[in-house]
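Read through the structure below, which is laid out as structure tokens, and then see the notes.
In the working numbering, the protein residues as written are 147 to 766.
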């Protein structure tokens, strides 16, 4: 370990000159007097700079304290993650054994009973399906063109097997207005598939009537000075620039097709899908909107030119009829869908422990155990399922929590119990210049000690966490345990370990085997929002304590993403940095004054030397 008692003047030579911004134009080399001016000024500035060194040392200590706080916050966050896992009942799992997992998948929850099951004679639940009942599909080709499901339906109607099969609903809009917020020639109506009867533009001085075209060719060939092209999407393309502040007024009819379909949820309740699809929508976009309701999946197959549709729920959810009921001509006439041709929509059937039963879904839950049928099981085959406590899994999770807790309190205790050493203060730049990198590192390790000695936040956190661990959990129902000691977790008898937890493995495993739910409730009972911690499980208590501690540390030391003015230590760092900057300016002024004084002295000596030379030459 390197030791430094004071900063020698030779070691600091040039340091103060360079770092206080001296004016090289004023520096002199003592040519007239023979005095080492730089050395003298440097020693004078070393004395003047003592307060600056003190401030820089205070700044370093603040930065170390901030960083040490954040290190403790990171360690507590690691413990918080472990504690959060312990608050979840799903962490205390049961283990399942299945004789044929290709047929059945089993997931027991924490509250699942230890049990054995047999499953046989199983058939899978299916979705209901349907498709266009037309031998040649819903569309046909005309000349070299054919139906395109990605283009506007109103433009593709001619390519349908029977174009008149679309039952359009017509709507009339009178005097729809649009305020022009920027100069342009392209604007949009509120609706597509429009047949406009009148379009005018009022620019504030006059109202102009525009001739309406729906054909690009006719629009291009027209010599009309005021014309507008209206396309399928409802876009208006004017041949003249429409200036900002103008008002466009349009009257038009537009077409929609009614979409009306009824499906059923797993509770047997009807779920309607109803909307008016604008004629500018493509068949693909209409089907996508139908799918967005979440109860069916539909698509158009260009190879067969048919629409296929199926339910997203399996099972027979409508006991009085089909799973999908088509209530508008868009489905029955245009898409050629007939509810009578529906297939599937069957419930899952199986025999469980000798009892025949059904489910709408292939996934079902019994006694907190979730079963999923993956394949049919004939009557000649039996799949056996066993549910037992996952002793190893629970033990490993609890041990991981204890290990993380012990590691955390050990590091916190080291931090709050180590005092600072007055013989080791943060190094100045002049001191660092005398030392090797290894010596600097070793010195800083000593100088940094004690930043959080007896810190109130961490001391209180340790005290509260110990209470969280030791205190009885009251009000637990249906559980055998109310203290950690009852399941084999106790505090070390060695006081130097500051409350380290120890696990009696055989006792903990026995407690898990005897009452796994009781072990789970010891950690998870109650809620983190309970006004009293007495009824909270140990993990719930710890979660609240650690969360509060991290929040307090953040108030003091912030995070790397926060600006200094957003936390207390950062504010102190800013204030001290401002003081350092002001004092550095003060040192620059003093240094300039010293050099000015020495320059004046040199000039006086030079003048005296000149006069002496003159007199000597005169007398000689």
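The C-beta atom is built at its ideal place from N, Cα and C for all residues, glycine as well.
Computed from a predicted model, the values in this text were never measured in an experiment.
Exercise. Is the Cβ-Cβ distance between residue 342 and residue 398 less than 7 angstroms?
Worked result: yes
Exercise. Under a Cβ-count criterion, where at least 16 other Cβ atoms within 10 Å of its own Cβ denotes burial, should residue 219 be classed as buried or exposed?
Worked result: buried
Problem set entry | Alpha-carbon to alpha-carbon, residue 196 and residue 174 | Only weak support exists for where residue 174 lies, its pLDDT of 49 falling under 50; the value from the coordinates is given anyway. Approximately 25 angstroms between the Cα atoms of the pair.
For this session: Compare the Cα-Cα distances from residue 474 to each of 336, 408, 340 and 557 and report the closest residue.
Result: 408
Exercise. Within 10 angstroms of its Cβ, does residue 762 collect 16 or more other Cβ (buried), or is it exposed?
Worked result: exposed
Exercise. DSSP puts residue 242 in a beta bridge; with which residues?
Worked result: DSSP lists 533 as partners of residue 242.
For this session: Give me the Cα-Cα distance between residue 382 and residue 468, rounded to the nearest whole angstrom.
Result: 45 angstroms
Exercise. According to DSSP, what are the bridge partners of residue 505?
Worked result: 494
Exercise. Is DSSP giving residue 223 helix, strand or coil here?
Worked result: Residue 223 carries a helical assignment under DSSP once its states are collapsed to helix, strand and coil.
Problem set entry | Status (buried if at least 16 other CB within 10 Å, exposed otherwise) for residue 167 | Note that residue 167 scores a pLDDT of 42, beneath 50, so its modelled location is shaky and nothing firm can be said.
Problem set entry | Contacting residues, own chain, Cβ-Cβ under 7 angstroms from residue 437 (five flanking each side not counted) | 443 and 444
Exercise. If you compare alpha carbons, which of 320, 375, 388 and 345 is closest to residue 328?
Worked result: 388
Problem set entry | Closest Cα partner of residue 463 within the set 545, 497 and 416 | 416
For this session: Note down the Cα distance separating residue 599 from residue 707, rounded to an integer number of angstroms.
Result: Rounded to the nearest angstrom, the two C-alpha atoms are 26 angstroms apart.
For this session: Give a yes or no on whether the C-beta atoms belonging to residue 374 and residue 356 are separated by under 7 angstroms.
Result: yes
Exercise. Could you check where the alpha helix (DSSP H) with residue 576 kicks off and where it finishes?
Worked result: From DSSP, the alpha helix (DSSP H) with residue 576 extends over 575–578.
Exercise. Can you tell me where the beta strand (DSSP E) with residue 452 in it begins and where it stops?
Worked result: Segment 452–460, the beta strand (DSSP E) holding residue 452.
Exercise. Okay, do the stretch 447–459 and the stretch 227–238 touch, 3+ Cβ pairs below 8 angstroms being the bar?
Worked result: no
Exercise. With C-beta atoms as the reference, is residue 508 less than 7 angstroms away from residue 519?
Worked result: yes
Exercise. Three-state secondary structure (DSSP) at residue 764?
Worked result: helix
Exercise. Given residue 317, which residues of its chain have a CB within under 8 angstroms of its CB, disregarding the five upstream and five downstream residues?
Worked result: 337, 399, 400, 401 and 402
Problem set entry | the stretch 654–669 / the stretch 623–632 touching (three or more Cβ pairs under 8 angstroms) | With a cut-off of 8 angstroms, the stretch 623–632 and the stretch 654–669 count as touching, because enough Cβ pairs lie within range.
For this session: Assign residue 604 to one of three DSSP states: helix, strand, or coil.
Result: In this structure, residue 604 counts as helix in the three-state DSSP scheme.
For this session: Would you mind giving the Cβ-Cβ distance between residue 702 and residue 711, rounded to the nearest angstrom? I have them listed as a contact below 8 angstroms.
Result: With 8 angstroms as the limit, residue 702 and residue 711 do not qualify as a contact, their Cβ atoms being about 14 angstroms apart.
For this session: Inspect the CB distances between the stretch 631–641 and the stretch 601–608 and report whether three or more fall short of 8 angstroms.
Result: no
For this session: Just mark residue 330 as buried or exposed, buried being the case when its beta carbon has 16 or more other beta carbons within 10 Å.
Result: exposed
Exercise. What is the rounded straight-line gap between the Cα of residue 523 and the Cα of residue 688?
Worked result: Approximately 48 angstroms, taken between the alpha carbons.
For this session: List the endpoints of the continuous beta strand (DSSP E) containing residue 418.
Result: 416–424
For this session: Could you pull the start and end residues of the alpha helix (DSSP H) that residue 679 belongs to?
Result: Counting along the chain, residue 679 falls outside any alpha helix (DSSP H), and DSSP gives it neither H nor E.
Exercise. With C-beta atoms as the reference, is residue 139 less than 7 angstroms away from residue 446?
Worked result: Residue 139 lies beyond the range of the chain shown here (147 to 766); nothing can be said about it.
Exercise. Does the distance from the CB of residue 274 to the CB of residue 305 come in under 7 angstroms?
Worked result: For the pair residue 274 and residue 305, the CB atoms are not nearer than the 7 angstroms cut-off.
Problem set entry | Alpha-carbon to alpha-carbon, residue 190 and residue 172 | Residue placement at residue 172 cannot be trusted, given a pLDDT of 45 that sits under 50; what the coordinates show is reported in the next sentence. Spanning the two alpha carbons is a distance of roughly 16 angstroms.
Exercise. In terms of residues, what are the limits of the alpha helix (DSSP H) holding residue 665?
Worked result: 662–670
For this session: Can you grab the Cα-Cα spacing for the pair residue 379 / residue 692, in whole Å?
Result: Going from the Cα of residue 379 to the Cα of residue 692 covers about 59 angstroms.
Problem set entry | Coil, strand or helix - residue 387 by DSSP | strand
Problem set entry | Bridge partners - residue 358, DSSP secondary structure assignment | 374
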